[in-house]
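Peer 1:
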Ligand code: G3H
Ligand code: 13P
Ligand code: ZN
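Numbering (the numbering used here), first residue to last: 10 to 318.
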């Protein structure tokens with residue numbers, strides 16, 4: 010078993026009408042929770058690392074933990090850079106053993122995004138690494154960048170064929186109304202499935218990626234609030250919408266906020282029920298268990314990837 014690229018995973022997912030969960034990692038407990046859930050559900054999974062997470066935990070630790078998870082669970086894993094914002098960051102992750110990188114040129118104009126993405130693709134492909142790019146702009150918070158709902162831009166389907174053919178990219182993140190973080194919709198949740206369907210028609214068989222795809226599980230938000238938290242108004246993408254996207258061209262569904270919520274709910278519960286608790290193993294193991302339960306739930310209800318390993 011090994012670190013693998015997403016190529017085969019996406020091929021099978023596209024044909025099977027399901028999606029692969031790409032879960033953000035930044036510590037041992039989260040990695041264990043995700044990979045144990047994947048092993049028990051016989052589901053492929055992608056571990057992804059943001060620039061902020063890489064700074065927090067350090068590249069060396071995350072590599073070693075991902076390899077340890079492969080050894081422990083006996084399943085293949087893809088290790089992916091989430092929202093790489095420069096050629097240098099992508100290069101560093103490729104040189105350091107990641108099997109997949111995202112170059113997020115969505116803040117640039119069309120031609121500049123193409124040029125940057127092409128440069129990363131050339132470097133990555135020469136080294137057997139695959140690349141995800143982004144066209145369109147999601148609202149929400151990424152690292153320290155906050156894009157308001159008004160500044161978000163849906164992907165224009167007229168641009169996708171030219172972007173993919175000129176860059177040679179392996180998968181494409183598109184903006185259809187999802188956003189990062191735990192506060193996704195002010196009013197009723199709405200996704201532009203018409204855009205997703207049109208992109209699917211323009212790029213038959215090509216894997217599409219959905220960012221900002223946490224459902225912000227209401228039970229977790231309620232538990233956090235009941236245990237002293239303050240997350241009123243938190244709201245995510247309804248699970249049926251995500252499942253529908255996975256049946257279409259979406260092969261990769263990004264989930265970070267739901268991990269944060271599950272971990273926080275577990276830790277807050279222990280702290281509330283036992284204010285004397287001060288052994289990190291006591292509350293981190295409960296947080297880890299909550300994350301594992303949540304990932305299993307996603308694999309079954311949202312991704313549809315159970316039993317496909
Ligand atoms: O895309 C956003 C992810 O949730 C990563 O968040 O940059 O705070 O680690 P982060
Ligand atoms: P969420 O904030 O919805 O979990 O999105 C995570 C994401 O898109 C990571 O790239
Ligand atoms: Zn994202």
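Each residue gets a CB set at the ideal place from its N, CA and C atoms; glycine is no exception.
Within 10 Å of its beta-carbon, does residue 370 have 16 or more other beta-carbons around it, so buried, or fewer, so exposed?
Peer 2: The structure shown does not extend to residue 370, since the chain is modelled only from 10 through 318, so no value can be given for it.
Peer 1: Taking one C-beta from the segment 53 to 72 and one from the segment 87 to 99 each time, how about it: are there three or more such pairs within less than 8 Å?
Peer 2: Yes, the segment 53 to 72 is in contact with the segment 87 to 99.
Peer 1: Checking 8 Å against the spacing of the C-beta atoms, do residue 115 and residue 145 come in under that value?
Peer 2: yes
Peer 1: Is residue 221 a contact residue of the ligand 13P, with contact defined as CB to any heavy atom under 7 Å?
Peer 2: Yes.
Peer 1: Using 8 Å as the threshold, is the C-beta distance between residue 147 and residue 92 below it?
Peer 2: no
Peer 1: Under the assumption that residue 185 contacts residue 201 (Cβ atoms under 8 Å), give the Cβ distance between them as a whole number of angstroms.
Peer 2: 4 Å
Peer 1: With respect to 7 Å, is the separation between the Cβ of residue 92 and the closest non-hydrogen atom of the ligand ZN below this value?
Peer 2: yes
Peer 1: Please state whether the Cβ-Cβ distance between residue 270 and residue 191 is less than 8 Å.
Peer 2: The Cβ atoms of residue 270 and residue 191 lie closer than 8 Å to each other.
Peer 1: Indicate the three-state DSSP secondary structure (helix, strand or coil) for residue 165 in the structure shown.
Peer 2: Coil, per DSSP.
Peer 1: Should residue 62 be counted as a contact of the ligand G3H given a C-beta to heavy atom distance under 7 Å?
Peer 2: yes
Peer 1: So is residue 282 buried or exposed if we call it buried at 16+ other beta carbons inside 10 Å?
Peer 2: exposed
Peer 1: How many Å lie between residue 330 and residue 305 at the Cα?
Peer 2: There is simply no residue 330 to check, as the chain begins at 10 and stops at 318 in what is shown.
Peer 1: For residue 48, collect the residues of the same chain with a Cβ closer than 6 Å to its Cβ; drop the 5 residues on either side in sequence, then sort them by chain order.
Peer 2: 82 and 84
Peer 1: When every heavy atom of the ligand G3H is checked, does at least one fall within less than 7 Å of the C-beta of residue 180?
Peer 2: no
Peer 1: Looking at the structure shown, is residue 68 part of a helix, part of a strand, or coil, going by DSSP?
Peer 2: helix
Peer 1: Could you tell me the alpha carbon to alpha carbon distance between residue 320 and residue 71, rounded to whole angstroms?
Peer 2: Outside the shown range of the chain (10 to 318) lies residue 320, about which nothing can therefore be said.
Peer 1: Tell me, please, which residues DSSP counts as bridged to residue 87.
Peer 2: 55
Peer 1: Just reading off the beta strand (DSSP E) that residue 29 is part of, what are its end residues?
Peer 2: 29 to 33
Peer 1: Suppose you measure from the CA of residue 28 to the CA of residue 121; what does that come to, to the nearest Å?
Peer 2: 30 Å
Peer 1: Evaluate residue 250 with the Cβ neighbour count: other Cβ atoms within 10 Å of its Cβ, from every protein chain shown; 16 or more gives buried, anything less gives exposed.
Peer 2: buried
Peer 1: Short of 6 Å in beta carbon distance, which residues of its chain neighbour residue 265, apart from the five on each side in sequence? Order them along the chain.
Peer 2: For residue 265, same chain residues with a beta-carbon under 6 Å away, outside a window of 5 residues either side, are 33 in chain order.
Peer 1: State yes or no: is the C-beta of residue 361 within less than 8 Å of the C-beta of residue 217?
Peer 2: Nothing can be reported for residue 361: it is not among the residues displayed for the chain, which extend from 10 to 318.
Peer 1: Based on Cα-Cα distance, which residue from 314, 309 and 302 lies nearest to residue 45?
Peer 2: 302
Peer 1: Pick from 224, 127 and 259: whose alpha carbon is nearest that of residue 214?
Peer 2: 259
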